[in-house]
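Engineer: Heads up, the numbering used here is the position in the sequence shown plus 775, with the first residue counted as 1. Structure below; questions to follow.
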Amino acid sequence: MNLNDMKISTRLELGFGILTLLIILMGCVSLFKANHVDATFDTVVHDRYVKIAALNNAKDGLNQIARYLRNTLLMDDPADIREQLKQVELAHKGITEQWGVLEPRVRTEKGKALLANPRTKAASS
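Below, the structure is given as structure tokens:
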């Protein structure tokens with residue numbers, strides 16, 4: 776059967792049928808890709824962002840400790856020095872809390888090794 780031998784209405788129906796199938800196919804592909812994007816977005820928001828936030832909070836705590844220790848070296852009043860050392864202890868507790876948030880979320884062996892590395896260095900010093 777040749778396309779030129781078909782009636783115009785048959786050719787139009789065939790053309791619209793093919794277009795309809797292509798639109799349905801594109802809709803299915805879009806749904807599958809949207810599900811993949813949704814799953815990836817959930818991973819980023821509920822796993823990776825939480826890890827990044829915990830690490831940033833721990834880094835901020837370390838910076839606070841550095842400032843408090845610097846202040847103890849600059850101060851002369853023993854009461855002020857004691858206050859700064861109390862702040863160091865509070866910041867250390869905050870870092871420990873952030874580490875507690877981070878540890879259960881790390882699942883890979885490489886991640887666990889990297890996470891254990893600062894702890895072993897801190898324990899040895």
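Glycine is no exception: its CB is placed at the ideal position from the N, C-alpha and C atoms.
Output the distance between the C-alpha atoms of residue 829 and residue 872, rounded to the nearest integer angstrom.
Structural biologist: As a first step, residue 829 must be located in the sequence shown, where it is residue number 54. As a first step, residue 872 must be located in the sequence shown, where it is residue number 97. When rounded, the distance between both Cα atoms is 9 Å.
Engineer: Would you mind sorting residue 843 into buried or exposed? The rule is 16 or more other CB atoms within 10 Å of its CB.
Structural biologist: Your numbering for residue 843 matches position 68 in the sequence shown. Classification of residue 843: buried, given that the 10 Å Cβ count is 16 or more.
Engineer: Distance, Cα to Cα, residue 858 vs residue 889?
Structural biologist: Here residue 858 refers to the residue found at position 83 of the sequence shown. Here residue 889 refers to the residue found at position 114 of the sequence shown. Between residue 858 and residue 889, the C-alpha separation is close to 33 Å.
Engineer: Under the three-state reduction of DSSP, which class applies to residue 883: helix, strand or coil?
Structural biologist: Residue numbering aside, residue 883 sits at position 108 when the sequence shown is read from its first letter. Residue state, collapsed to three classes: coil.
Engineer: Would you kindly report the start and end of the unbroken alpha helix (DSSP H) that includes residue 872?
Structural biologist: In the sequence shown, the residue the question calls residue 872 occupies position 97. Its alpha helix (DSSP H) spans residues 853 to 877.
Engineer: Can you grab the Cα-Cα spacing for the pair residue 818 / residue 809, in whole Å?
Structural biologist: Position 43 of the sequence shown, counted from the first residue, corresponds to residue 818. Position 34 of the sequence shown, counted from the first residue, corresponds to residue 809. C-alpha separation (whole angstroms): 14 Å.
Engineer: Pairs of beta-carbons, one from the region 853 to 868 and one from the region 831 to 840, closer than 8 Å: are there three or more?
Structural biologist: Taking 8 Å as the limit for Cβ pairs, the verdict is that the region 831 to 840 does touch the region 853 to 868.
Engineer: Distance, Cα to Cα, residue 821 vs residue 893?
Structural biologist: Position 46 of the sequence shown holds residue 821. Position 118 of the sequence shown holds residue 893. Looking at the two C-alpha atoms, the distance is approximately 25 Å.
Engineer: Give every residue of the same chain whose Cβ lies closer than 6 Å to the Cβ of residue 876, excluding the five residues on either side of it in the sequence, and list them in chain order.
Structural biologist: Working through the sequence shown from its first residue, we reach residue 876 at position 101. Only 829 meet the Cβ criterion.
Engineer: Can you list, in chain order, the residues of its chain with a C-beta nearer than 6 Å to that of residue 870? Leave out the 5 residues immediately preceding and following it.
Structural biologist: Indexing the sequence shown from 1 puts residue 870 at position 95. Here the set comprises 833, 836.
Engineer: Looking at residue 786 and residue 826, is the spacing between their C-beta atoms short of 8 Å?
Structural biologist: Sequence index remark: in the sequence shown, residue 826 carries index 51 (1-based). Sequence index remark: in the sequence shown, residue 786 carries index 11 (1-based). Result no, Cβ atoms of residue 826 and residue 786 do not sit closer than 8 Å.
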